[in-house]
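A.B. asks:
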Amino acid sequence: MFKKIFKFIAGYVIISAEGKNQERFINMCLHNGLDIRDAEPYGGGLRLKVRMSHFKHMRRLVRKCGVRVRILSKHGAAVFLKRNRGRAAFALCAAAVCIFFLTVPQYIWCVEINGVYDADTEEIAALLREHGVYAGAPKKGIDDLYEIKNDAVHRIDDINWAWLYIEGAKARFEVQEITPAPQIRDMETPTDIIAACDGVLRTAVVKRGERRVTSGMTVAAGDVLISGKVAVFSEGYPEKYIYVHSDGVMTADTMRKESDKFTDTETLRIRTGQSKKRISLELFGKEFRLFRDPGGGYEEYDCERKTYDLKLPLVGYIGISAAVCDVYEVRTAENRLSESEVLARAREELEERICRKLGAGAVRTDDELSYTVENGVYSVELRMYLRENIGIEIPAEE
Amino acid sequence: MRRLSEYIADALGMPKDVVMDLPKVSVCGDREIFVENHKGLVEYTDTEIRLKMKDGMIRVKGSGLRIIVMEYDRMVINGVFEGVFYD
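Residue numbers (our numbering), protein chains in the order written: chain P, 37 to 434; chain Z, 307 to 393.
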């Protein structure tokens with residue numbers, strides 16, 4: 037690779053050698069240390085690549101061998117410069133381009149923060165700005181990466197680990213957020229266990245505390261199932277109680293219901309097949325639209341955006357991106373749903389609402405969907421019969 | 307009859323191409339041949355290349371033969387080869 041680059045810089049000529057003693061000519065070139073490459077038959081003779089400086093030494097050998105040498109073409113940086121010697125504007129432009137590509141990567145033009153879900157992106161951006169990382173900031177002014185990492189981890193509570201990657205003119209700040217540790221169950225505070233909802237108890241296992249209910253009993257929401265206030269005295273003696281953290285499993289048959297109104301129409305967005313491309317340039321952190329109308333003149337449209345970063349070898353991203361937006365024309369249409377479709381959608385949504393309220397381990401035993409229709413509006417109610425642990429802890433009564 | 311240089315090469319475990327100046331031909335599939343210690347090009351067409359060696363000749367037959375690298379004692383030939391023959 038480097039050899040090829042040096043050869044291009046030095047320049048080379050492609051020549052043809054014709055005559056009787058071609059092989060002798062080549063052997064003599066090799067003996068004289070001339071660099072010959074890519075020899076191949078060409079017409080009645082040979083075609084060779086010779087370094088520009090070595091070509092001058094060939095004249096003597098050509099006379100000796102009696103071959104006829106002709107220059108087919110000249111290549112390389114030396115030839116290019118020689119041809120364009122008189123063009124000052126061209127040289128200036130070339131120099132300007134070189135300076136531009138050397139200068140631009142010395143600054144940060146894009147700051148990307150990845151891995152943020154709960155943490156405040158604005159807070160992280162402000163922290164990075166304090167450490168000299170912002171669009172347009174010189175790379176020299178960026179603080180030590182370890183310092184940035186430590187500052188981010190100490191100052192922002194949600195961050196567990198972070199690191200700043202400098203890729204050309206782009207600063208990529210990767211964040212790892214803290215995964216909350218599971219809470220340690222408090223077994224010391226005195227608590228009662230009460231019913232979270234109405235139901236019929238099927239099993240009532242008491243591990244700690246005083247039992248207030250038995251299996252088969254019907255309980256209402258708020259009823260105490262296990263009391264943390266435990267009597268420790270015999271009849272005829274003064275009353276004495278201890279308070280414990282109640283524990284037990286209260287499995288009951290329960291019924292939960294949700295209702296809502298659903299219409300029998302839905303709005304569809306259908307692509308008409310017409311599409312346009314809208315290109316915008318992102319230059320050093322600022323977006324420039326090449327088209328005035330981002331919607332392509334369509335009343336209703338969907339947009340799919342792709343961004344292409346300009347990256348140079350060895351330098352990387354240089355702060356120039358092209359954003360191509362495929363704009364698809366869409367038309368909206370009202371779609372009438374059948375009764376079964378409306379009910380299926382209603383069931384799915386109501387089920388989801390009920391399930392959000394349930395604890396772990398709940399099992400559905402049955403369900404019932406009832407509805408009424410009035411002017412295309414369905415009033416739907418879903419009753420879900422469950423077997424679940426209905427006990428919830430509250431602080432024990434004194 | 308073995309030569310003195312061959313005895314020396316065997317006794318000292320030295321490569322024969324260095325001690326005896328023998329040609330070294332490395333063939334890479336049917337696409338590339340490296341020839342070392344050649345003594346010059348004798349004939350070159352796109353179907354046959356003949357190279358002079360210390361004792362004899364090496365003939366490379368094939369199609370679309372090109373000499374990519376040519377140095378004083380080293381040569382790299384490219385093309386589709388049918389065979390390498392010692393004449």
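Glycine included, C-beta positions come from ideal geometry on N, C-alpha and C.
Going by C-alpha to C-alpha distance, which of P:Gly204, P:Phe116, P:Asp187 and P:Ala205 sits closest to P:Ala198?
C.D. replies: Of all alpha-carbon atoms in P:Gly204, P:Phe116, P:Asp187 and P:Ala205, the one lying nearest the alpha-carbon of P:Ala198 is that of P:Asp187.
A.B. asks: Who are the Cβ neighbours of P:Arg104 in its own chain at under 6 Å, not counting the five residues just before and after it?
C.D. replies: Glu54 and Gly55
A.B. asks: State the Cα-Cα distance for the pair P:Glu433 and P:Val285, rounded to the nearest angstrom.
C.D. replies: 20 Å
A.B. asks: What number of angstroms, rounded off, separates the C-alpha of P:Ala207 from the C-alpha of P:Asp329?
C.D. replies: 31 Å
A.B. asks: Mind listing, in chain order, the continuous beta strand (DSSP E) runs of no fewer than 3 residues lying wholly within the region 343-374 of chain Z?
C.D. replies: 347-350 and 354-359
A.B. asks: Counting only Cβ pairs nearer than 7 Å, list the residues of chain P close to Z:Val341.
C.D. replies: Under the 7 Å cutoff, chain P gives no residues; its nearest Cβ is about 13 Å from Z:Val341.
A.B. asks: In chain Z, which residues lie with their C-beta within 9 Å of the C-beta of P:Ile62?
C.D. replies: Gly346, Leu347, Tyr350, Ile373 and Met376
A.B. asks: Quick test of your reading: P:Gly332 and P:Arg314, contact by CB under 8 Å. State the CB separation rounded to the nearest angstrom.
C.D. replies: 6 Å
A.B. asks: From P:Lys36 to P:Cys129, what does the alpha carbon distance come to, in whole angstroms?
C.D. replies: In the structure as shown, chain P begins at 37 and stops at 434. Residue 36 of chain P is therefore absent and cannot be evaluated.
A.B. asks: Looking only at its chain, what residues have a beta carbon closer than 8 Å to the beta carbon of P:Lys176, apart from the 5 residues adjacent to it on each side?
C.D. replies: Excluding positions up to five away in sequence, the list reads Gln142.
A.B. asks: Could you name the residues of chain Z that P:Asp74 contacts, counting a contact when the two beta carbons are closer than 8 Å?
C.D. replies: Arg372, Ile373 and Ile374
A.B. asks: Starting from Z:Ser311, trace the alpha helix (DSSP H) in both directions and tell me its first and last residue.
C.D. replies: Leu310 to Leu318
A.B. asks: Taking CB distances under 8 Å as the criterion, tell me whether P:Glu365 reaches chain Z.
C.D. replies: no
A.B. asks: Could you tell me which chain Z residues have their CB closer than 7 Å to the CB of P:Gly97, listed as they occur along the chain?
C.D. replies: First, the residue type needs correcting, since residue 97 of chain P is Leu and not Gly in the sequence shown. Near P:Leu97 there are no residues of chain Z at all, since even the closest Cβ is about 14 Å away, more than 7 Å.
A.B. asks: Does P:Phe327 come out as helix, strand or coil in the three-state DSSP assignment?
C.D. replies: coil
A.B. asks: Is P:Phe269 buried or exposed, if buried means 16 or more other CB atoms sit within 10 Å of its CB?
C.D. replies: exposed
A.B. asks: For P:Asp228, count neighbouring C-beta atoms within 10 Å of its own C-beta (all shown protein chains included) and say buried if the count is 16 or more, exposed if not.
C.D. replies: buried
A.B. asks: What is the residue span of the alpha helix (DSSP H) that P:Cys65 lies within?
C.D. replies: Gln58 to His67
A.B. asks: When we look at the beta-carbon of P:His190 and count the other beta-carbons within 10 Å, is it buried (16 or more) or exposed?
C.D. replies: exposed
A.B. asks: Does the contact criterion of 3 or more C-beta pairs under 8 Å hold for the region 248-267 of chain P versus the region 392-407 of chain P?
C.D. replies: No, because fewer than three Cβ pairs between the region 248-267 of chain P and the region 392-407 of chain P fall closer than 8 Å, the two stretches do not touch.
A.B. asks: Tell me which residues of the region 300-317 of chain P have at least one Cβ-Cβ distance to chain Z shorter than 9 Å, keeping chain order.
C.D. replies: none
A.B. asks: Need the endpoints of the alpha helix (DSSP H) that Z:Asp323 sits in, please.
C.D. replies: Counting along the chain, the alpha helix (DSSP H) containing Z:Asp323 begins and ends at Lys322 to Val325.
A.B. asks: Counting C-beta neighbours from all protein chains within 10 Å, is the total for P:Leu350 16 or more, i.e. buried, or is it exposed?
C.D. replies: exposed
A.B. asks: If I measure Cβ to Cβ from P:Leu181 and keep anything under 6 Å in the same chain, skipping five residues before and after, which residues do I get?
C.D. replies: Leu200
A.B. asks: Determine, using beta carbons only, whether P:Ala288 and P:Gly235 come nearer to each other than 8 Å.
C.D. replies: Yes, the Cβ-Cβ distance between P:Ala288 and P:Gly235 is below 8 Å.
A.B. asks: So which residues on chain Z does P:Gln58 lean against when the C-beta distance must stay under 8 Å?
C.D. replies: Tyr350
A.B. asks: With distances taken Cα to Cα, identify the nearest neighbour of P:Phe116 among P:Leu138, P:Arg83 and P:Met88.
C.D. replies: P:Met88
A.B. asks: With 8 Å set as the bound, which would you pick, yes or no: does the beta-carbon of P:Leu66 sit closer than that to a beta-carbon of chain Z?
C.D. replies: yes
A.B. asks: Following the continuous alpha helix (DSSP H) through P:Ala256, name the residue where it begins and the one where it ends.
C.D. replies: That residue, P:Ala256, is in no alpha helix (DSSP H); it is neither H nor E in DSSP.
A.B. asks: Less than 6 Å between C-beta atoms, sequence neighbours within five positions excluded: which residues of the same chain meet that for Z:Leu318?
C.D. replies: none
A.B. asks: Determine whether the Cβ of P:Leu108 lies closer than 8 Å to any Cβ atom of chain Z.
C.D. replies: no
A.B. asks: Consider the Cβ of P:Leu82: report whether some Cβ of chain Z lies at a distance smaller than 8 Å.
C.D. replies: yes
A.B. asks: Using three-state DSSP, classify P:Lys265 as helix, strand or coil.
C.D. replies: strand
A.B. asks: For the candidate residues P:Val416, P:Thr368 and P:Asp300, whose alpha-carbon lies nearest to that of P:Glu385?
C.D. replies: P:Val416
A.B. asks: Note down the Cα distance separating P:Asn196 from P:Val211, rounded to an integer number of angstroms.
C.D. replies: 8 Å
A.B. asks: Using the rule of at least 16 other Cβ atoms within 10 Å of the residue's Cβ for burial, across every protein chain shown, is P:Val399 buried or exposed?
C.D. replies: By the neighbour-count criterion, in which 16 or more other beta carbons inside 10 Å mark a residue as buried, P:Val399 falls on the exposed side.
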